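To start, the structure itself, in structure tokens.
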Amino acid sequence: MKEQLEAIRTQALEAVAAAAASAELESVRVRYLGKKGELTAVLKQMGKLSPEERPVMGQLANDVRAAVESAVESRAAELAEKAMEEKLKAETVDITIPGRRSPMGHKHPMYTVLDEIKEIFINMGFEIMEGPEIEQSAYNFTKLNTPDDHPAREWSDTFYLDEESRTLLRTQTSPMQIRAMEEHGVPIRMISPGRVYRKDEVDATHSPMFHQIEGLVVDKGITMADLKGTLNAVIREIYGPDTVTRFRPHHFPFTEPSCEVDIQCHKCGGAGCPTCKGEGWIEVLGAGMVHPKVLRGCGVDPDVYSGYAFGMGLERLAMGQFKISDLRLIFENDTRFLEQF
Ligand code: PHE
Numbered sequence: 002m003k004e005q006l007e008a009i010r011t012q013a014l015e016a017v018a019a020a021a022a023s024a025e026l027e028s029v030r031v032r033y034l035g036k037k038g039e040l041t042a043v044l045k046q047m048g049k050l051s052p053e054e055r056p057v058m059g060q061l062a063n064d065v066r067a068a069v070e071s072a073v074e075s076r077a078a079e080l081a082e083k084a085m086e087e088k089l090k091a092e093t094v095d096i097t098i099p100g101r102r103s104p105m106g107h108k109h110p111m112y113t114v115l116d117e118i119k120e121i122f123i124n125m126g127f128e129i130m131e132g133p134e135i136e137q138s139a140y141n142f143t144k145l146n147t148p149d150d151h152p153a154r155e156w157s158d159t160f161y162l163d164e165e166s167r168t169l170l171r172t173q174t175s176p177m178q179i180r181a182m183e184e185h186g187v188p189i190r191m192i193s194p195g196r197v198y199r200k201d202e203v204d205a206t207h208s209p210m211f212h213q214i215e216g217l218v219v220d221k222g223i224t225m226a227d228l229k230g231t232l233n234a235v236i237r238e239i240y241g242p243d244t245v246t247r248f249r250p251h252h253f254p255f256t257e258p259s260c261e262v263d264i265q266c267h268k269c270g271g272a273g274c275p276t277c278k279g280e281g282w283i284e285v286l287g288a289g290m291v292h293p294k295v296l297r298g299c300g301v302d303p304d305v306y307s308g309y310a311f312g313m314g315l316e317r318l319a320m321g322q323f324k325i326s327d328l329r330l331i332f333e334n335d336t337r338f339l340e341q342f
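Positions in the sequence shown are counted from 1; adding 1 to them yields the working numbering.
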């Protein structure tokens, strides 16, 4: 019996040490210490022993039980600790891994240019006004002294919204001259940026939608000298203090006299190059003295007040400033392009 008990002790301690998980440990415990376990089976044979042997074997059996029980206990603690460690390891957050950034956008280059231009005019005392893109032909044409047979009114050039040609997508921001004078009266000094629409085919310099900035100044005693002085100052703010300008006679129905303003090509200095298409000059805006008929139509007496107006293309300004060669890049919203600004 002694050998049996010793064998149980050895085997049980080995099995306990080998148990790799708490479920396995529990089955080891049951196998050796359980009611139907090996130790119990041995103890059942105690009756066969002599009275002298009985207490000795009883003592040994208790020792074996105690040894196995404490081994089970400490192994259970070990396994619990190991399980916890593994759990912690599996759930670890590596705080040194760089985070995943969501891509941040930024202002579109064209709006960067627009904000700069607004700033220039605000500093000169201009107000900023905005108006509708869906406009009445009365404002887009008639009140701007543009007669019924003017080519700009053709269906082939303009997006009309009704059969009677009464409403349209404005072809220019000039209707804002009328709206500004009708709503705010004179004297007035304002700019009005916004989208305009024309039935143009898309190419490197044309788009059926583009942006203009309209300007209007009306007061007593405004002359062509004010127009030239102000526009020269603005152009030199935008293109640099040494920019050479040229005021070239032109025609617009709503200004008289009218002009177009060119800047000497900043790339070639006037010699002619691809940027200025060999001209040496780049057209930047249209302008003129507000036509007396336009003033009168807005209830302003042209014998008392005079003024000038101008309109410039925003895309062209942005293209010049950022050296963008193709207008389409401005509208495509390809981030590989936009990221460069
Ligand atoms: N509206 C004109 C155009 O689109 C530009 C312009 C504005 C000319 C104001 C004179 C005065 O071409």
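Ideal placement from N, C-alpha and C gives every residue a C-beta, glycine not left out. Only a predicted model underlies this, so the values are computations on that prediction, with no experimental measurement involved.
- Here V245 carries a coil assignment [DSSP, helix/strand/coil].
- Within the chosen limit of 7 Å, the ligand PHE does not reach the beta carbon of E134 with any heavy atom.
- DSSP places D220 in no alpha helix (DSSP H) but in the uninterrupted beta strand (DSSP E) bounded by 210-220.
- Shown here for D201: same chain residues with a beta carbon closer than 7 Å to its own, the five before and five after excluded, namely H207, S208, P209 in chain order.
- Between G195 and Q213, the C-beta gap is smaller than 8 Å, which places the two residues in contact.
- DSSP, read as helix, strand or coil, puts Q60 in helix.
- Take the alpha-carbon of Y112 and the one of V94: they are about 42 Å apart.
- Here the alpha carbons of E4 and R10 stand approximately 10 Å from one another.
- For E316, the distance from the CB to the nearest heavy atom of the ligand PHE is not below 7 Å.
- Here D304 is exposed: its Cβ has fewer than 16 other Cβ atoms, across all protein chains shown, within 10 Å.
- Looking at the DSSP output, H251 sits in a beta bridge with S259.
- In summary, W156 is exposed, with fewer than 16 beta-carbon neighbours lying within 10 Å of its beta-carbon over all protein chains present.
- Our two residues, K324 and I98, have alpha carbons roughly 40 Å apart in a direct line.
- Non-local C-beta neighbours of D227 in its own chain, meaning closer than 8 Å and more than five positions away in sequence, comprise V218, Y309, ordered along the chain.
- In its chain, beyond the 5 residues on either side, M130, G132, S193, E215 have a beta carbon closer than 7 Å to the beta carbon of M177.
- With fewer than 16 other beta carbons inside 10 angstroms of its own, A21 counts as exposed.
- Residues of the same chain with a CB within less than 6 Å of the CB of C277, apart from the 5 flanking positions on each side, are C266, I283 in chain order.
- Under the three-state reduction of DSSP output, F160 falls in the coil class, being neither helix nor strand.
- Boundaries of the alpha helix (DSSP H) harbouring E39: 39-44, taken from the DSSP string.
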